[in-house]
Every structure is written in C-alpha cells, then in structure tokens.
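Residue numbers (full-length UniProt numbering): 1 to 284.
For every residue, glycine included, the Cβ atom is placed at its ideal position computed from N, Cα and C.
Worksheet: one structure, shown below.
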C-alpha cells in the first residue's frame, strides 16, 4: 500500500507544472487577448491536429491533461484533442529505452503514432465540421471556472493556482483508486486478457489502453517486447492510452455525451489502425 501511495503521489506531482502553465495560458488568453487574436486561435483548428500530433509525441508528462483542459475551455478543437491523445506515448518510451530496444524501432513506432494522430485528427475535423456541420464553441475559460465553482476574477496567477489545485486533487484521488484496483488484480491478470482472446487482440488491447493509468501502457509495451502480442495489438493499446487526459476531460467538460463520443472515437480509431497494421503485416 505504501508503494501505491508513493507511486500515485509521484505520478500526480509530475503533472503540476503542466497544469499550472496550461491554466496560466488560458487565463491570459481570456483576459488579455482581443477578438482578432481569439479568431486567429480558432482558425488554427485546420492545422491544429498536425501540431497536436507533433507535440503530443514528445515525452512530457501531463500534456494530455493540459490538452483536455484547453479543449474544455474551447481553446483547441476536437480533432486536435484526438490527435494529441493518439500520439502521446506515456510509459512506452522509457520502457523501450530501458529494455535497450533499437533506436530505429522506437523512432518507427513514434513516427507511426504521429502520422496516425495527424491523419485521424484531420479526418475527424473534416467530418465534424464539413459533414456533420458542427461548430466549435467560442473560447471561454469561464466554462472551466463554472465547472470548478471558483472565481476567475482574482488575477491570472491566483485563478490558475486554484484550478491547478482542484484538478490535482481530483487526479490524485482517482489515480490512487485505480492503482489500488490494479494492484489488487495484478498486472499478470491484466496481461491474461490478451492471451485469453488472441483473435480480438486489437479490441482487447484498446480496452486495456483506455485505463487512465501508467500500468496499462506498461503491460502493453512489455507484452509486445516479450513477443506475446503483435504490432497491431500493441499499437491499438498505445494509441488510445491518453493517461489522465481522459480523467481531466470528464472532470472539466460538462457535455458527457460529447465526452463519450470522444472516447468512442478514440477507441474506434485505435482498433482500426491496429487492425490495419496487422492486416498489412507491418512490423517495427
């Protein structure tokens, strides 16, 4: 139990700088930028998925959580959010480095995640706006303020600090509960789901990858390196592994139907690309 508490605290504390910087940015945009600047940010949505996929693949703790906060404040689009979720790597990179995986293999996997994130984000953006005729709401940090039941009129630093503490406490509690559950069932049991249903490896891997905990990406990566699952299942699991980003999304975005749609799209895209990789016989 002590190890679970320490791991939860360590993982959660790593998020603090990113959350604080994100809320500072959102406060600054809301309080200081004019209408033209806001419109410029909104128009960047067309290329947002490209930048989101590129930035998401950089090994930085908390980027998916920051992206969810920006999405809840209508700063980035749904296509950009999904691009970030799909490209983020969580624990995969440090594990592969520690296992002395060939650098060219790591680069290929990261490049595949970036390309998949870009393509998927752009397609989602086109379908959402061009086909479904949906329109993103205007940027509004006060949406986050209302959800957190706090005042955004206390200055950008104080408001950002309040938001950071509230989200940190939420992540800390949920992460602790998840760590307890996973510690109880064991990672071996979690890994057994793959071997029990090998014909639907991509679907199972994506379900495991949706667990907002580092243990899921650890299990998927280790199983792939051990030759138990193939590249398709590995990619399905890692593509949907957005970490605490999903927790923050459900905490801040009040539209639960929209949240469910994002999770469904993330899962569907993860399974789809995993199957494509398996059918095409792609190896890394």
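Below 8 Å between beta carbons: does that hold for residue i and residue j?
i           : j           : result
residue 270 : residue 232 : no
residue 238 : residue 217 : yes
residue 206 : residue 82  : no
residue 212 : residue 243 : yes
residue 236 : residue 281 : no
residue 225 : residue 101 : yes
residue 121 : residue 79  : yes
residue 109 : residue 272 : no
residue 228 : residue 249 : no
residue 99  : residue 49  : no
Under a three-way DSSP split, which group does residue i fall into?
i           : result
residue 88  : coil
residue 266 : helix
residue 158 : helix
residue 47  : coil
residue 255 : coil
residue 33  : The pLDDT assigned to residue 33 is 49, lower than 50, so where the model puts this residue is not dependable; a value taken from the coordinates is nonetheless given after this. Coil, per DSSP.
residue 219 : helix
residue 83  : helix
residue 114 : helix
residue 228 : coil
residue 77  : coil
residue 101 : coil
residue 292 : Coverage of the chain is limited to positions 1 through 284, which leaves residue 292 absent and any answer about it impossible.
residue 184 : helix
residue 20  : helix
residue 58  : coil
residue 278 : helix
Rounded C-beta distance between residue i and residue j? I'm assuming under 8 Å.
i           : j           : result
residue 117 : residue 53  : 3 Å
residue 69  : residue 252 : 6 Å
residue 208 : residue 220 : 6 Å
residue 164 : residue 16  : 7 Å
residue 57  : residue 105 : The pair is not a contact, with the Cβ atoms about 15 Å apart (cut-off 8 Å).
residue 158 : residue 230 : Not a contact, Cβ separation roughly 51 Å.
residue 222 : residue 97  : In fact, because the Cβ distance is near 14 Å, the residues do not count as touching under 8 Å.
residue 20  : residue 169 : The pair is not a contact, with the Cβ atoms about 14 Å apart (cut-off 8 Å).
For residue i, report the span of its alpha helix (DSSP H) as first-last.
i           : result
residue 126 : Neither: residue 126 is in no alpha helix (DSSP H) and is coded neither H nor E.
residue 210 : Where residue 210 is concerned, there is no enclosing alpha helix (DSSP H), given that its DSSP letter is neither H nor E.
residue 66  : 63-72
residue 232 : 231-239
Between the region 82-96 and the region 61-72, do three or more beta carbon pairs fall short of 8 Å? yes
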